[in-house]
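J.:
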Amino acid sequence: MAGSIRVTMEVGADGVALITICNPPVNALHPIIIQGLKEKYAEAADRDDVKAIVLTGAAGKFCGGFDINVFTKVHETGDVSLMPDVSVDLVSNMMEDGKKPSVAAIQGLALGGGLELIMGCHARISTPEAQLGLPELTLGVIPGFGGTQRLPRLVGLPKAIEMMLQSKFITAKEGKERGLIDALCSPDDLIKISRFWALEIANYRKPWIKSLGRTDRLGSLSEARAVLSMARQQAKKVAANMPQHQACLDVVEEGVLYGGQAGVLKEAKVFKELVLSTTSRALVHVFFAQRSTTKVPGVTDIQLKPRKIRKVAVIGGGLMGSGIATALLVSNISVVLKEVNPQFLQRGQKTIAGNLEGLVKRGSLTKDKMSKAISLLKGALDYSDFKDVDMVIEAVIEKVPLKQTIFADIEKICPPHCILATNTSTIDLNIVGEKTNSQDRIIGAHFFSPAHIMPLLEIVRTERTSPQAILDLITVGKMIKKVPVVVGNCTGFAVNRTFFPYGQAAHLLVSLGIDLFRIDRVISNFGMPMGPFHPRCSWIWSSLGSKGYICSCLWNTEFSLWSSGTDGEGWAARKNQWKRLLPL
2 MAGSIRVTME VGADGVALIT ICNPPVNALH PIIIQGLKEK YAEAADRDDV
52 KAIVLTGAAG KFCGGFDINV FTKVHETGDV SLMPDVSVDL VSNMMEDGKK
102 PSVAAIQGLA LGGGLELIMG CHARISTPEA QLGLPELTLG VIPGFGGTQR
152 LPRLVGLPKA IEMMLQSKFI TAKEGKERGL IDALCSPDDL IKISRFWALE
202 IANYRKPWIK SLGRTDRLGS LSEARAVLSM ARQQAKKVAA NMPQHQACLD
252 VVEEGVLYGG QAGVLKEAKV FKELVLSTTS RALVHVFFAQ RSTTKVPGVT
302 DIQLKPRKIR KVAVIGGGLM GSGIATALLV SNISVVLKEV NPQFLQRGQK
352 TIAGNLEGLV KRGSLTKDKM SKAISLLKGA LDYSDFKDVD MVIEAVIEKV
402 PLKQTIFADI EKICPPHCIL ATNTSTIDLN IVGEKTNSQD RIIGAHFFSP
452 AHIMPLLEIV RTERTSPQAI LDLITVGKMI KKVPVVVGNC TGFAVNRTFF
502 PYGQAAHLLV SLGIDLFRID RVISNFGMPM GPFHPRCSWI WSSLGSKGYI
552 CSCLWNTEFS LWSSGTDGEG WAARKNQWKR LLPL
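Convert by adding 1 to the 1-based position in the sequence shown; the result is the number in my numbering.
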């Protein structure tokens, strides 16, 4: 195996074979890597000078999972035999049931197939911050290398189901508390301690544990069935039309009822069936499409380097501005929140604190990190603190004169490198920056509410926006865990523009005599969060109307029932009617 994709093995004087996965940047399980692992494990098993094995990954990362490019080849050819046999041949037969103990030395990440490899080892040593997870369901499949069987046996059934169905990652520190990780150590000591553990197991001074044979974390049969039943009900609510969620639970149940080996065999069968499904084809397409959004011709291919964004000013402390500030703060970016009076500023700061508390309650933020985030926030009633900011994000009401005045003012105070961004969703950016001399720094940063939770960030470029400003905002988007999509300065940008024909089609159906409640019911049953005529979707109609997209049937159909707004009695009456007719 030549080139950068390879598996190496070094046998030390202590008799421990160090097997290393080398496939930058994340050591993905390419078929060459899988074949290399089989060869090295077979060699280690046959060598008399090898007492035990330590499995690790190169360059500070264990393994980011199976190479998804193989999925694409399977989808193109329909040949599922392109998927290598990892679950039985490698993980079960050669690793877990091998003649010599294996210890996983984990750093950086162990995701998908990477996590399944470490669960086939007899012990797992990790650095505290390593990321662990099984995200396969986001690709329309289930874990296929034994993960559906070993994870419940290591962390317990409820936590395992949560991690798989939600594709939820945990740190190795939490993994240690859950029983997934055996010991934590610093990166400098990782290999040394892993070698020690491997020899201790080989010499029977530490237990030689095969995860697939454990049942102590599964609970009683009645308890397991109750957990599975509850999980099925939840999956129907959040993923009614996704086959992989129920399939995952079917496979887990097989292992609970008939043993781990039976579960592994069913898992392999179901995995191959799902790989060929239309759901997997679509979600793999989405996977690559999301990653392609950060490849922008004329920006990311001209050797530019992103500048460091350490401090950002947010103008406007309303719902959107507070959400944007929250997203920045939790990513360790200092924020100056500007408002027009003390009352509005206090309200904005209170909203941010509430956002952070909500993240803590959901388990996505620790209390220590919340305290750190709050310490990075500074309130302001003028622009005096804007002298050293790297970016300004304006998030005030959609009034052109107000925005023009703001950008003309901040241009005079902010440093020359500062990016001047607006969160507008409806106004032409050329008009926003019309009164400035910095059109190359004017850019759109359109977040979606709530901004600290919704993943999409539309980056709106004008003909004069500099490539550097675009690259810097893409980088910030990734820093705050958004999916940045660069779009043109056009009506509706990308998302709202997509909804225009959606709304027009809905109105056309109503004009043809289709009941609007039926339309919403069909759309909801299909899997959309709500139908186009749901009161919470009233923003579609205001967007369409402001751009002249609403067809004439709007004014002579039942839609007039909803045109009185979304507040007060009108909202309450419509909400109650929807509760009677639709499952909300």
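Beta carbons are placed, not taken as given, at the ideal position from N, Cα and C, and that holds for glycine.
Could you check if T423 is buried or exposed, using at least 16 other CB atoms within 10 Å of its CB as the buried criterion?
T.: Buried is the call here.
J.: Looking at the strands, I want to know which residues DSSP matches up with R112.
T.: The sequence given here places Leu at residue 112; Arg does not occur at that position. DSSP lists G134 as partners of L112.
J.: Measuring CB to CB, does L357 end up less than 8 Å from A374?
T.: Yes, these two residues count as a Cβ contact at 8 Å.
J.: Select from L185, G322, I22 and G445 the residue whose C-alpha is nearest the C-alpha of T425.
T.: The candidate whose alpha carbon is nearest that of T425 is G445.
J.: Answer with buried or exposed for F1, where buried requires no fewer than 16 other C-beta atoms within 10 angstroms of its C-beta.
T.: No answer is possible for residue 1: it lies beyond the span of the chain, which begins at 2 and ends at 585.
J.: Taking the alpha-carbon of L213 as reference, which of S365, P153 and S376 has the nearest alpha-carbon?
T.: The candidate whose alpha carbon is nearest that of L213 is P153.
J.: Looking at the unbroken alpha helix (DSSP H) that takes in M614, where does it start and where does it end?
T.: Outside the shown range of the chain, which is 2 to 585, sits residue 614, and nothing can be said about it.
J.: How would you label N490, buried or exposed, when you count the other beta carbons within 10 angstroms and need 16 or more for buried?
T.: Buried: at least 16 other Cβ atoms inside 10 Å.
J.: Going by other Cβ atoms of all chains shown within 10 Å of its Cβ, with 16 needed for buried, is E130 buried or exposed?
T.: Exposed is the call here.
J.: Exposed or buried, what is P485 when buried is set at 16 or more other beta-carbons lying within 10 Å of its beta-carbon?
T.: P485 is buried by the Cβ-count criterion.
J.: Return the Cβ separation of Q291 and V142 in integer angstroms, given the expectation that the two are a contact with Cβ distance under 8 Å.
T.: Actually they are not in contact, since the Cβ atoms of Q291 and V142 sit about 17 Å apart, beyond 8 Å.
J.: Grouping DSSP H, G and I as helix and E and B as strand, with all else coil, what is R363?
T.: The answer is coil: DSSP assigns R363 none of H, G, I, E or B.
J.: Can you give me the Cβ contacts of V433 inside the same chain, cut-off strictly under 7 Å, excluding the 5 residues immediately before and after it?
T.: Taken in chain order, the residues that qualify are K404, Q405, F408, T423, T425 and I443.
J.: Return the residue from the list S525, S512, G322 and A173 that minimises the CA-CA distance to V393.
T.: Considering only alpha carbons, the answer is G322.
J.: Return helix, strand or coil for V17, following the three-state DSSP convention.
T.: Of the three classes helix, strand and coil, the one that applies to V17 here is strand, per DSSP.
J.: Check this for me: beta carbons of K39 and M120, under 8 Å apart or not?
T.: Result no, Cβ atoms of K39 and M120 do not sit closer than 8 Å.
J.: Measure the Cβ-Cβ separation of I1 and I69 and say whether it is below 8 Å.
T.: Here the chain covers residues 2 to 585 and nothing more, so residue 1 does not appear.
J.: So the alpha helix (DSSP H) H418 belongs to, where does it begin and stop?
T.: Neither: H418 is in no alpha helix (DSSP H) and is coded neither H nor E.
J.: Could you check which residue in K273, I202 and D251 has the C-alpha nearest to that of A263?
T.: Nearest option by C-alpha distance: D251.
J.: Would you mind sorting E595 into buried or exposed? The rule is 16 or more other CB atoms within 10 Å of its CB.
T.: Shown here, the chain extends from 2 to 585; a query on residue 595 therefore has no answer.
J.: Which value, in whole angstroms, describes the spacing of the CA atoms of Q36 and I182?
T.: When rounded, the distance between both Cα atoms is 26 Å.
J.: Leaving out five residues before and five after K267 in sequence, what residues of the same chain have Cβ atoms less than 6 Å from its Cβ?
T.: Excluding positions up to five away in sequence, the list reads V252 and E255.
J.: I need the straight-line Cα distance from L158 to V228, nearest angstrom please.
T.: Each residue's Cα considered, the two are about 7 Å apart.
J.: Thinking C-beta only, is G134 closer than 8 Å to K169?
T.: Yes, Cβ-Cβ distance for K169 and G134 is below 8 Å.
J.: Buried or exposed, going by whether 16 or more other CB atoms sit within 10 Å of the CB of T279?
T.: Under this definition T279 is an exposed residue.
J.: Can you tell me whether W563 is helix, strand or coil according to DSSP?
T.: Note that W563 scores 43 on pLDDT, short of 50, meaning its location in the model is unreliable; the coordinates nonetheless yield the value given after this. Helix, per DSSP.
J.: Assuming F494 and H447 form a contact by the criterion Cβ under 8 Å, report the distance between their Cβ atoms to the nearest whole angstrom.
T.: Confirmed, about 6 Å.
J.: Could you spell out where the beta strand (DSSP E) holding R206 opens and where it closes?
T.: Taken as a continuous stretch (DSSP letters only), R206 belongs to no beta strand (DSSP E), as it is neither H nor E.
J.: With a CB to CB cut of under 6 Å and the five nearest residues on each side skipped, what residues in its chain are close to V477?
T.: Correct list, in chain order: I310.
J.: Once you ignore the five residues that flank E399 on each side, which residues in its own chain have a CB closer than 8 Å to its CB?
T.: Taken in chain order, the residues that qualify are T425, S426, T427 and I428.
J.: Suppose you measure from the CA of R218 to the CA of L155; what does that come to, to the nearest Å?
T.: Roughly 7 Å separates the two Cα atoms.
J.: I'd like to check one pair, Q132 with P188: are the Cβ atoms closer than 8 Å?
T.: No, the Cβ-Cβ distance between P188 and Q132 is not below 8 Å.
J.: Less than 8 Å between the CB atoms is what I'm expecting for A199 and V17, so what's the real figure, rounded?
T.: With a Cβ gap of about 5 Å, A199 and V17 count as contacting.
J.: Please identify the residue among Q247, S195, L258 and K238 whose C-alpha is closest to the C-alpha of S223.
T.: With distances taken between Cα atoms, S223 lies closest to L258.
J.: Kindly indicate which three-state DSSP category F448 falls into: helix, strand or coil?
T.: Strand.
J.: I'd like to confirm the pairing. Which residues does DSSP put opposite P485 in its beta bridges?
T.: Paired residues: L458.
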